[in-house]
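J.: First the structure, which I've put down as structure tokens, then a few questions once you've had a look.
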Amino acid sequence: MARLTWHGHSCFSIEANEGSRILIDPWLDENPTADISADEAVADFILVTHGHSDHFADAVKIAKRTGATLISTFEIVSFAKANGVENGHGMNIGGGYHFRFGFVKMTPAAHSGTVAGDETGRYTSVAGGFWLHLKPVKGETGGPRLYHAGDTALITDMQLLKGKVDLALLPIGDNFTMGPDDAVRAIEMIAPATVVPMHYNTFDAIRQDPEDFVRRVGDRAEVVLLEPGQTHEF
Ligand code: NI
Ligand code: MN
């Protein structure tokens with residue numbers, strides 16, 4: 005089983021069946037809800053959905069310390085390499101690539117996309133999400149499919165993921181992303197087996213009641229509410 009751990013906000017780590025440790029949207033040191041510091045983070049791969057500081061802030065620092073490969077848009081990876089990151093793999097929306105832990109495809113997001121730390125404005129980049137098809141446990145077929153939506157509005161493009169997602173990580177905070185009502189509609193479009201909500205209750209503008217979200221989702225999907233530091237196997 006692959007293991008997903010929430011570190012607060014949109015940051016998750018995954019232990020893939022193949023053994024790789026994947027870190028998504030690392031924002032730890034300034035994140036009031038994070039359970040670990042950037043210095044404690046471990047990673048072989050770091051995936052970044054977009055360049056806003058609450059998703060990207062600690063990515064360069066962790067990539068430099070661990071030697072992890074940064075996977076993000078071409079522009080964000082270019083910025084990271086210009087700032088001392090050795091291993092990067094640039095992608096773009098709609099493109100997929102086979103890594104040793106599985107397949108990664110960047111998905112569309114309706115959101116803005118400056119790059120935190122870029123004083124020059126040269127690295128402005130679109131925002132996206134990730135669809136991961138992890139390799140199965142040895143000797144088995146299939147393999148778990150995970151969707152990290154990044155920061156996004158509800159978009160009809162999500163219908164393209166219908167039947168292709170076992171575990172969906174969806175923002176529910178509202179204000180900067182879709183809120184609970186639109187997240188329920190996203191679940192109707194994607195039809196994942198399991199949902200973990202994210203990007204809520206980190207700061208005042210995105211206060212939500214996760215228990216109420218569970219009730220609103222009803223029998224459309226299983227909703228797993230994690231506390232920072234908690235793990236879910238999938
Ligand atoms: Ni953002
Ligand atoms: Mn955000």
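For the sequence shown, the numbering used here begins at 5 and goes up steadily by one. Glycine is no exception: its CB is placed at the ideal position from the N, C-alpha and C atoms. Nothing here was measured: the structure is a model prediction, and the numbers come from that model.
1. Within the continuous beta strand (DSSP E) that includes His59, where are the two ends?
2. In the DSSP assignment, find the unbroken alpha helix (DSSP H) run with Thr145 in it and report its ends.
3. Which runs of the beta strand (DSSP E), 3 residues or longer, sit entirely within the region 178-219?
4. Pull the bridge partners of Ser17 from the DSSP assignment, please.
5. Whose C-beta lies closer than 8 Å to the C-beta of Asp170 among residues of the same chain, with five residues either side of it excluded?
6. Give the DSSP-derived three-state secondary structure of Leu230 in the structure shown.
7. What are the residues that DSSP puts in a beta bridge with Gly133?
8. For the ligand MN, is there any heavy atom lying closer than 7 Å to the beta carbon of His59?
9. Which whole-angstrom value describes the C-beta separation of Met193 and Lys166, a residue pair presumed to lie in contact below a C-beta threshold of 8 Å?
10. Which of the three DSSP states, helix, strand or coil, is assigned to Ser41?
11. Is there contact here, the region 80-94 with the region 30-39, by at least three beta-carbon pairs under 8 Å?
12. Between which residues of its own chain and Asp39 is the CB-CB distance below 7 Å, once the five residues before and five after are set aside?
13. Note down, in chain order, each residue of its chain lying with its Cβ closer than 6 Å to the Cβ of Ala67, except the 5 sequence neighbours on either side.
14. Which same chain residues, not among the five before or five after Met182, have their C-beta less than 8 Å away from its C-beta?
15. Answer yes or no: the CB of His13 versus the heavy atoms of the ligand NI, is any distance below 7 Å?
16. For my contact list, His54 and Gly132 are in at a C-beta cut-off of 8 Å; report their separation, rounded to the angstrom.
T.: Looking at the atomic coordinates:
1. For this step, residue 59 is matched to residue 55 along the sequence shown. His59 -> not in any beta strand (DSSP E); alpha helix (DSSP H) instead, spanning 57-60.
2. For the purposes of this step, residue 145 is identified with residue 141 of the sequence shown, where counting begins at 1. For Thr145, there is no enclosing alpha helix (DSSP H), as DSSP marks it with neither H nor E.
3. The region 178-219 contains these whole beta strand (DSSP E) runs: 198-202.
4. Sequence index remark: in the sequence shown, residue 17 carries index 13 (1-based). DSSP lists Thr9, Leu27 as partners of Ser17.
5. Here the question's residue 170 lines up with position 166 in the sequence shown. Here Asp170 has Pro148, Arg149, Leu150, Pro196, Ala197, Thr198, Phe238 as same chain residues with Cβ atoms under 8 Å from its own Cβ, once five neighbours each way along the sequence are excluded.
6. Start at 1 with the first residue of the sequence shown, and residue 230 comes out as number 226. Coil, per DSSP.
7. Position 129 of the sequence shown holds residue 133. Paired residues: Thr111.
8. As a first step, residue 59 must be located in the sequence shown, where it is residue number 55. Yes, the ligand MN has a heavy atom inside 7 Å of this Cβ.
9. Taking the sequence shown and counting its residues from 1, one reaches residue 193 at position 189. Taking the sequence shown and counting its residues from 1, one reaches residue 166 at position 162. About 6 Å; that satisfies the 8 Å criterion.
10. In the sequence shown, residue 41 corresponds to position 37, counting from 1. It is coil, neither helix nor strand.
11. Cβ pair count under 8 Å is below three, so no.
12. For this step, residue 39 is matched to residue 35 along the sequence shown. Sequence-distant Cβ neighbours of Asp39 in its own chain, meaning closer than 7 Å and more than five residues away, are His11, Gly12, Pro232, Gly233.
13. As a working note, residue 67 is residue 63 in the sequence shown. For Ala67, where only same-chain residues beyond five positions count, the Cβ hits under 6 Å are Ile50, Leu74, Val89.
14. In the sequence shown, residue 182 corresponds to position 178, counting from 1. Cβ-Cβ distances below 8 Å link Met182 to Thr156, Ala157, Leu158, Leu174, Pro175, Ile176, Ala190 in the same chain, with the five nearest sequence neighbours on each side left out; the list follows chain order.
15. Position 9 of the sequence shown holds residue 13. No.
16. Position 50 of the sequence shown, counted from the start, is the residue given in the question as residue 54. Position 128 of the sequence shown, counted from the start, is the residue given in the question as residue 132. Contact holds; Cβ gap of about 6 Å.
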